[in-house]
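Trainee:
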């Protein structure tokens, strides 16, 4: 396969998507003969700076490849690390291309606006000489695994909310309550649901003669200093109500419970992907864990090799994985080739017609169930869908390994359930064996111990209680 003057030796392509250009292989082959040093630095909150060293060609005949490579690299780093300032160090022309892309009317205007919302500051791209590149500043934090005392763990899902009461590491009560956070615009609905869950769990702890020592919360979205910056759970809430009632929704509810009980209760809010990775780390008793949940979207979390979270976004649903020029567009960001269309129910729905499956369901969830039902009967068309996703996954896990120190990847979510999930993991492992033997991990399903830890119980371990 030849792409932008780069030869890419691909052995495995998805049967239902023969135009797929594995971005990791492109990065790898592009870099082999590039000689001009380039550094990309990304600054995020708290003065933290991620630094990525690479090389480009810097020649007229490779300009298109250089621009594409750096564009995809910056995009990946932004959605992996998060940030509001990008420094391109070592090439003014490439820096100008990136600056134009991240302008008000540029091709990455969505990304610019999203990062400005998250970090509440203007997004900037600057060009620096290579010898003036910023220094990396990283402050990873220990996350969870605290089990002393009485704790409330809350997991805010899109279709149900879960709460656990935990005393000295042992869950004494858990419940799931159906709710509809994505369709309701009044944030008081969300607040009352959260507060009710807190009170239920607190009552169970008090019944046992315990004391509520901490509240840990797992919630989809981007959270900085326990504040909700962006979250699909509050999709219908208007901006004014969001700023006034949603940004601090979890700390407000914790404060109200504190006032009711008559003492302060520490609270920690974390992204649900990171908490799922934490649950995996607690279950396995190891670190360097990436958790990937393939459901409505692709949710990713990461606990590093020291058992810490890095303050990264890990929003890999919007990080690029495919280089083909006519890859499917993500309706939200307007970009193409991003993970959400490869590792969620959208991927199943995209591939099913190509396999000859006519989907009749109204909603994406119903369409996924149709394909899963066919898979349960070993329908060869459904097998092709899951095999193709397995090829996507094998190539993409090797891409992720370029940016993350991964020892285990745990695959979760509705798309991974049943026979289809087994096929995805088997095919992904074979692709990695054949194309990326240097990558040491393979995808795995959470074991029973990890499942028993559970998302809400893992969330309960978030606050450190003295």
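Residue numbers (full-length UniProt numbering): 1 to 466.
Glycine included, each C-beta is placed from N, C-alpha and C at the ideal position.
Note down the Cα distance separating residue 32 from residue 292, rounded to an integer number of angstroms.
Mentor: Taking the first residue of the chain shown as position 1, residue 32 is located at position 32. Taking the first residue of the chain shown as position 1, residue 292 is located at position 292. So the alpha carbons of these two residues sit roughly 30 angstroms apart.
Trainee: Just to confirm before moving on: does the CB-CB distance between residue 374 and residue 367 stay below 9 angstroms?
Mentor: Position 374 of the chain shown, counted from the start, is the residue given in the question as residue 374. Position 367 of the chain shown, counted from the start, is the residue given in the question as residue 367. Cβ atoms of residue 374 and residue 367: not closer than 9 angstroms.
Trainee: Applying the 10 Å Cβ sphere with the 16-neighbour rule, what's the burial state of residue 280?
Mentor: By one-based count along the chain shown, residue 280 stands at place 280. Looking at its Cβ environment, which holds 16 or more other Cβ atoms inside 10 Å, residue 280 is buried.
Trainee: Taking the beta strand (DSSP E) that residue 291 belongs to, which residues open and close that run?
Mentor: Taking the chain shown and counting its residues from 1, the one referred to as residue 291 is at position 291. Looking at the DSSP string, the run of the beta strand (DSSP E) that includes residue 291 is 289 to 294.
Trainee: Does the Cβ-Cβ distance between residue 408 and residue 444 come in under 9 angstroms?
Mentor: Counting from 1 along the chain shown, the entry for residue 408 is found at position 408. Counting from 1 along the chain shown, the entry for residue 444 is found at position 444. Yes, they are a contact pair.
Trainee: Could you tell me the boundaries of the alpha helix (DSSP H) in which residue 90 lies?
Mentor: Position 90 of the chain shown, counted from the start, is the residue given in the question as residue 90. Element bounds for residue 90: n/a, residue is neither H nor E.
Trainee: List the whole-angstrom C-beta distance separating residue 50 from residue 140, where the pair is believed to meet the contact cut-off of C-beta under 8 angstroms.
Mentor: One-based indexing of the chain shown puts residue 50 at position 50. One-based indexing of the chain shown puts residue 140 at position 140. So it is not a contact: roughly 12 angstroms between Cβ atoms.
Trainee: So, is residue 18 buried or exposed, given that buried needs 16 or more other C-beta atoms within 10 angstroms?
Mentor: For the purposes of this step, residue 18 is taken as residue 18 along the chain shown, with counting starting at 1. By the neighbour-count rule (16 or more Cβ atoms within 10 Å), residue 18 is not buried but exposed.
Trainee: Excluding the 5 residues flanking residue 22 on each side, which residues of the same chain have their C-beta closer than 6 angstroms to its C-beta?
Mentor: To locate residue 22, count along the chain shown from 1; it is residue 22. Answer for residue 22: 395, listed in chain order.
Trainee: Nearest to residue 323 by alpha carbon, out of 75, 41, 61 and 40?
Mentor: Here residue 323 refers to the residue found at position 323 of the chain shown. Measuring from the Cα of residue 323, the nearest candidate turns out to be 75.
Trainee: Residues bridged to residue 154 by DSSP?
Mentor: To locate residue 154, count along the chain shown from 1; it is residue 154. BP columns for residue 154 point to 163 and 217.
Trainee: Helix, strand or coil for residue 467, going by three-state DSSP, please let me know.
Mentor: Here the chain has residues from 1 to 466 only, and residue 467 is not among them.
Trainee: Would the beta-carbon of residue 218 fall within 9 angstroms of that of residue 182?
Mentor: Here residue 218 is taken as the residue at index 218 of the chain shown, counted from 1. Here residue 182 is taken as the residue at index 182 of the chain shown, counted from 1. Against a cut-off of 9 angstroms, the Cβ pair of residue 182 and residue 218 comes out as no contact.
Trainee: Residue 52 by DSSP, collapsed to three states: which one?
Mentor: For the purposes of this step, residue 52 is taken as residue 52 along the chain shown, with counting starting at 1. Three-state DSSP puts residue 52 in a strand.
Trainee: Would you check if the distance between the CB atom of residue 390 and the CB atom of residue 354 is smaller than 9 angstroms?
Mentor: The residue labelled residue 390 in the question sits at position 390 within the chain shown. The residue labelled residue 354 in the question sits at position 354 within the chain shown. Their beta carbons are not under 9 angstroms apart, which means residue 390 does not touch residue 354 by this criterion.
Trainee: Is residue 14 helix, strand or coil when you go by DSSP?
Mentor: For the purposes of this step, residue 14 is identified with residue 14 of the chain shown, where counting begins at 1. The answer is coil: DSSP assigns residue 14 none of H, G, I, E or B.
Trainee: Which value, in whole angstroms, describes the spacing of the CA atoms of residue 274 and residue 309?
Mentor: Here residue 274 refers to the residue found at position 274 when the chain shown is read from its first residue. Here residue 309 refers to the residue found at position 309 when the chain shown is read from its first residue. Near 7 angstroms, if we compare the C-alpha coordinates of residue 309 and residue 274.
Trainee: Given this structure, state the Cα-to-Cα distance separating residue 441 from residue 161, to the nearest angstrom.
Mentor: In the chain shown, the residue the question calls residue 441 occupies position 441. In the chain shown, the residue the question calls residue 161 occupies position 161. Their Cα atoms are separated by approximately 32 angstroms.
Trainee: Less than 9 angstroms between the C-beta atoms of residue 311 and residue 132, yes or no?
Mentor: Taking the chain shown and counting its residues from 1, one reaches residue 311 at position 311. Taking the chain shown and counting its residues from 1, one reaches residue 132 at position 132. Going by C-beta atoms, residue 311 is not nearer than 9 angstroms to residue 132.
Trainee: Return the chain-ordered list of same chain residues with a C-beta closer than 6 angstroms to the C-beta of residue 127, the five sequence neighbours on each side being excluded.
Mentor: By one-based count along the chain shown, residue 127 stands at place 127. Counting only Cβ-Cβ distances below 6 angstroms, and skipping sequence neighbours, we find 88, 92 and 95.
Trainee: Thinking residue 177 and residue 159 are a contact (beta carbons under 8 angstroms), I'd like their distance in whole angstroms, please.
Mentor: For this step, residue 177 is matched to residue 177 along the chain shown. For this step, residue 159 is matched to residue 159 along the chain shown. Residue 177 to residue 159, Cβ: 10 angstroms. No contact.
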